[in-house]
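K.L.:
If you count the sequence shown from 1, position 64 lands on 68 in our numbering, and the numbers rise without skipping. Can you keep this structure in mind? I'll have questions shortly.
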Amino acid sequence: MNKPSTESLDGVRRPQFRLDSGWDVFEEWSQSAGQIEKNAVHKALFAIADRTAFTDYEILDVTAPTRDVFVLVRKDLVLKVHLRDLDTFAIAYVGPAAAAPGLELAE
Numbered sequence: 005m006n007k008p009s010t011e012s013l014d015g016v017r018r019p020q021f022r023l024d025s026g027w028d029v030f031e032e033w034s035q036s037a038g039q040i041e042k043n044a045v046h047k048a049l050f051a052i053a054d055r056t057a058f059t060d061y062e063i064l065d066v067t068a069p070t071r072d073v074f075v076l077v078r079k080d081l082v083l084k085v086h087l088r089d090l091d092t093f094a095i096a097y098v099g100p101a102a103a104a105p106g107l108e109l110a111e
């Protein structure tokens, strides 16, 4: 099986993102989540890390200058991440779309 490419649309190879905080947010959510949902979020986190989430998932960008994005993982399951810089991201929220803070501001 081929490794996912970290090459962007412009052909420039970029390093993977690193998750640097927010694992506690995931852990708290996962205590009441089912295995299918946990697997889906893990898959989305790996896609964010290898930069394929931006082509493989529906992404909603928050219009405010916060660098927060919502990844629509499954029907009514969203992952909100904060892109700290060009190399790192943090988990800000995992859970149902109806309770996602700031989702109403996303495009």
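Here a beta-carbon is modelled for each residue, glycine too, at the ideal position from N, C-alpha and C.
Can you tell which of D60, V85, K79 has its C-alpha closest to the C-alpha of F116?
P.N.:
No information on residue 116 is available, as it lies outside the stretch 5 to 111 that the chain covers here.
K.L.:
Going by alpha carbons, who is nearest to T92 out of I52, H46, Q39?
P.N.:
The sequence position of residue 92 within the sequence shown is 88, counting from 1. When only C-alpha atoms are compared, the closest one is I52.
K.L.:
Reducing DSSP to helix, strand and coil, say where K47 ends up.
P.N.:
Your numbering for residue 47 matches position 43 in the sequence shown. In the structure shown, K47 sits in a helix (DSSP, three-state: H, G or I).
K.L.:
Going by CA-CA distance only, name the one from D89, L83, A101, R88 that's closest to K42.
P.N.:
Your numbering for residue 42 matches position 38 in the sequence shown. If we check each option's Cα against that of K42, L83 comes out closest.
K.L.:
By the DSSP assignment, the alpha helix (DSSP H) with A57 in it spans what residues?
P.N.:
Here residue 57 is taken as the residue at index 53 of the sequence shown, counted from 1. Residues 57-60.
K.L.:
With F74 and L107 assumed to form a contact (beta carbons below 8 Å), what rounded beta-carbon distance in angstroms separates them?
P.N.:
Translated into the one-based positions of the sequence shown, residue 74 becomes position 70. Translated into the one-based positions of the sequence shown, residue 107 becomes position 103. Contact flag correct, Cβ pair sits at about 6 Å.
K.L.:
Which runs of the beta strand (DSSP E) spanning at least 3 residues fall entirely within the stretch 15-39, listed in chain order?
P.N.:
Here the runs fully enclosed are 22-25.
K.L.:
Between which two residues does the beta strand (DSSP E) carrying D72 extend?
P.N.:
The residue you call residue 72 lines up with position 68 of the sequence shown. Where D72 is concerned, the enclosing beta strand (DSSP E) stretches over 72-78.
K.L.:
Considering only C-alpha positions, which residue in the set T70, D60, R78, I95 is nearest to I40?
P.N.:
As a position in the sequence shown, residue 40 is number 36, starting the count at 1. Cα-wise, what sits closest to I40 is R78.
K.L.:
State the Cα-Cα distance for the pair F50 and E32, rounded to the nearest angstrom.
P.N.:
Looking up residue 50 in the sequence shown gives position 46. Looking up residue 32 in the sequence shown gives position 28. Roughly 19 Å between the two C-alpha positions.
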